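Numbering (the working numbering), first residue to last: 1015 to 1469. We treat Cβ as the ideally placed atom computed from N, Cα and C, and that holds for glycine. Here the structure is a predicted model, which means the values were calculated and not measured. First comes the structure, then the notes that go with it.
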Ligand SMILES: C[S@@+](CC[C@H](N)C(=O)[O-])C[C@H]1O[C@@H](n2cnc3c(N)ncnc32)[C@H](O)[C@@H]1O
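Dropping the structure here:
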């Protein structure tokens, strides 16, 4: 039998767990807030840490609040919804400071107050809901449509009301669930890998008001397709496009080949800092549109772009930051590994009538070596890598380019601190770090920073 212990929760860790010490050994708990005494079961004991499962909270912290969401206990989404918003912001900023100190060895960096999201709820512009078949004791209709249960890749629960995207998004999910029953559309079994309807993806231009529904299925005939589309158009006239995508593989990802545009143009547009960006079913786009505007504004202010500057937008996605920078610069070069993102970036430059933007698809470390990019004197360089941070070869190439100003945007304080250490060792000064709360009620943190090299 695994031991049951009492623990005093000390802090919140970046992995979303809380932290306590058991006989001096760090112990990660899947619940509990700082200041609380909890009862927990030790489920894993390694040499340097334990993992424990919360049984119950024995003494409640003043920072604890009742979660707004009715699905909170089950859902893997907003795990910090039981913590006051002010304290969420406090712990996020502290995690940035702690990463810089412990991983980067950087003790004296100015870390600004965290910039709160303009919206605490309904801030997301994209949600993915999964179908899964289920036994009658879970639902008599024989399937569920919703989100993953916390920590379970193989269990989905019916979402009735989620506070992340919009009222429309909730209504759409509930409506589709009813219509799938009414039109007898087969549903996918995500464990046995057979069946038809797999995912519902709802993307909304929070600033443009446009919205896109993508239905992802496995291979096969789309029974009831026309009736479903007619019903959706009638009930949701504000849906500007509906797309059918097929993922014929067994990987449970909400992506695939576009099979048919069922309504509208097959994409939506979103407005960011007065510019237009096209979003297609597979394209990456920052998830919190309104906070993205704050993040980009801060990045562009720090970049201090002059009219003779050539900006390198590394890990550019659909070109959004570079395109926002383009009117201030002589030229912008964007690099991203995803072909589809680069195609979107080119379209985005065109629809904004920008002729000074050039985009390249491929891994950053390789594209930076292209002959045509040599001697371009990039400055500033804006870097926005995925969670793993910069690839060592991309970092090496960046240091060879030797820009005076570097704006580093990160969604992972740990890999940021690792890369910051390397940049500082290479002669850069880290002038400023501003954390941004892009995802309230979750552990995720975004930040913008500026590095500078003199001489
Ligand atoms: C955090 S997103 C940034 C997107 C963009 N800057 C924005 O604000 O929308 C990271 C991007 O890095 C790209 N990426 C991942 N690995 C890469 C690599 N090795 N080389 C180039 N791009 C990569 C992904 O395709 C993704 O678009």
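Is residue i near ligand 1, with its Cβ less than 7 Å from a heavy atom?
i, result
"residue 1219", "no"
"residue 1283", "no"
"residue 1378", "yes"
"residue 1104", "no"
"residue 1458", "no"
"residue 1399", "yes"
"residue 1374", "no"
"residue 1300", "yes"
"residue 1331", "yes"
"residue 1335", "yes"
"residue 1319", "no"
"residue 1405", "yes"
"residue 1425", "yes"
"residue 1355", "yes"
"residue 1352", "yes"
"residue 1286", "no"
"residue 1349", "yes"
Kindly list the residues whose CB is nearer than 8 Å to the CB of residue i, restricted to its own chain and excluding five residues on each side of it in sequence; keep chain order.
i, result
"residue 1237", "1197, 1198, 1199, 1200, 1210"
"residue 1391", "1324"
"residue 1294", "1280, 1281, 1354, 1358"
"residue 1267", "1261"
"residue 1077", "1047, 1048, 1049, 1097, 1098, 1101"
Residue range of the alpha helix (DSSP H) that residue i falls in?
i, result
"residue 1330", "Element bounds for residue 1330: n/a, residue is neither H nor E."
"residue 1099", "1099-1116"
"residue 1358", "1353-1365"
"residue 1379", "1378-1381"
"residue 1303", "1303-1317"
"residue 1397", "Careful: residue 1397 lies outside any alpha helix (DSSP H), inside the beta strand (DSSP E) at 1395-1397."
"residue 1122", "Residue 1122 -> no alpha helix (DSSP H), and no H or E assigned at all."
"residue 1073", "No alpha helix (DSSP H) holds residue 1073; the beta strand (DSSP E) holding it covers 1063-1073."
"residue 1259", "Run containing residue 1259: none in the alpha helix (DSSP H); it sits in the beta strand (DSSP E), 1255-1260."
"residue 1467", "Taken as a continuous stretch (DSSP letters only), residue 1467 belongs to no alpha helix (DSSP H), as it is neither H nor E."
Just to confirm the assignment, what range does the beta strand (DSSP E) spanning residue i have?
i, result
"residue 1136", "Per DSSP, residue 1136 belongs to no beta strand (DSSP E) and is neither H nor E."
"residue 1184", "Where residue 1184 is concerned, there is no enclosing beta strand (DSSP E), although the alpha helix (DSSP H) it sits in stretches over 1181-1196."
"residue 1042", "1039-1043"
"residue 1423", "1419-1424"
"residue 1213", "1211-1218"
Give the single residue among the options whose Cα lies nearest to the Cα of residue i.
i, options, result
"residue 1156", "1349, 1146, 1242", "1146"
"residue 1019", "1055, 1127, 1422, 1447", "1055"
"residue 1379", "1404, 1359, 1400", "1404"
"residue 1410", "1383, 1302, 1162, 1356", "1383"
"residue 1438", "1425, 1203, 1463", "1463"
"residue 1133", "1036, 1179, 1231", "1179"
"residue 1121", "1452, 1435, 1468", "1435"
"residue 1433", "1287, 1118, 1124", "1118"
"residue 1023", "1046, 1175, 1015", "1046"
"residue 1368", "1345, 1386, 1385, 1195", "1345"
"residue 1090", "1150, 1228, 1070, 1162", "1162"
"residue 1286", "1142, 1222, 1415, 1249", "1222"
"residue 1068", "1075, 1076, 1053, 1246", "1053"
"residue 1194", "1246, 1224, 1164", "1246"
"residue 1135", "1375, 1176, 1167, 1413", "1176"
"residue 1190", "1305, 1239, 1123, 1232", "1239"
"residue 1219", "1376, 1387, 1301, 1205", "1301"
For residue i, I'd like the list of residues in its chain whose CB is within less than 7 Å of its CB, leaving aside the five on either flank, ordered along the chain.
i, result
"residue 1466", "1418, 1419, 1442, 1443, 1445"
"residue 1274", "1258"
"residue 1065", "1042, 1057, 1058"
"residue 1319", "1325, 1339, 1342, 1343, 1394"
"residue 1158", "1146, 1148, 1152, 1170, 1171, 1172"
"residue 1030", "1093, 1457"
"residue 1264", "1207"
"residue 1130", "1103, 1451"
"residue 1401", "1425, 1426, 1429"
Residues in its own chain within less than 6 Å of residue i by CB, not counting five upstream and five downstream?
i, result
"residue 1144", "1170, 1213"
"residue 1365", "1290"
"residue 1348", "1327, 1330, 1333, 1336, 1359, 1373"
"residue 1128", "1103, 1106, 1107, 1449, 1451"
"residue 1422", "1397, 1463"
"residue 1061", "none"
"residue 1228", "1215, 1257, 1259, 1295"
Check: Are the segment 1391-1401 and the segment 1071-1085 touching by the rule of at least three beta carbon pairs closer than 8 Å?
Finding: Touching, no.
Note to self: For the structure I just gave you, are there three or more beta carbon pairs, one from the segment 1295-1314 and one from the segment 1329-1348, closer than 8 Å?
What the structure shows: yes
Next item on the list: Could you tell me whether the segment 1250-1261 touches the segment 1270-1283, using the rule of 3 or more Cβ pairs below 8 Å?
Entry: Three or more beta-carbon pairs drawn from the segment 1250-1261 and the segment 1270-1283 are found closer than 8 Å, and the two stretches are therefore classed as touching.
Check: Between the segment 1103-1114 and the segment 1420-1434, are three or more C-beta pairs nearer than 8 Å?
Finding: They touch, by the three-pair rule.
Item checked: Touching by the beta-carbon criterion (3+ pairs, under 8 Å), the segment 1092-1102 and the segment 1447-1456 -> yes
Margin query: Quick test of the definition: if touching needs 3 or more C-beta pairs under 8 Å, does the segment 1319-1333 touch the segment 1341-1354?
Written below: yes
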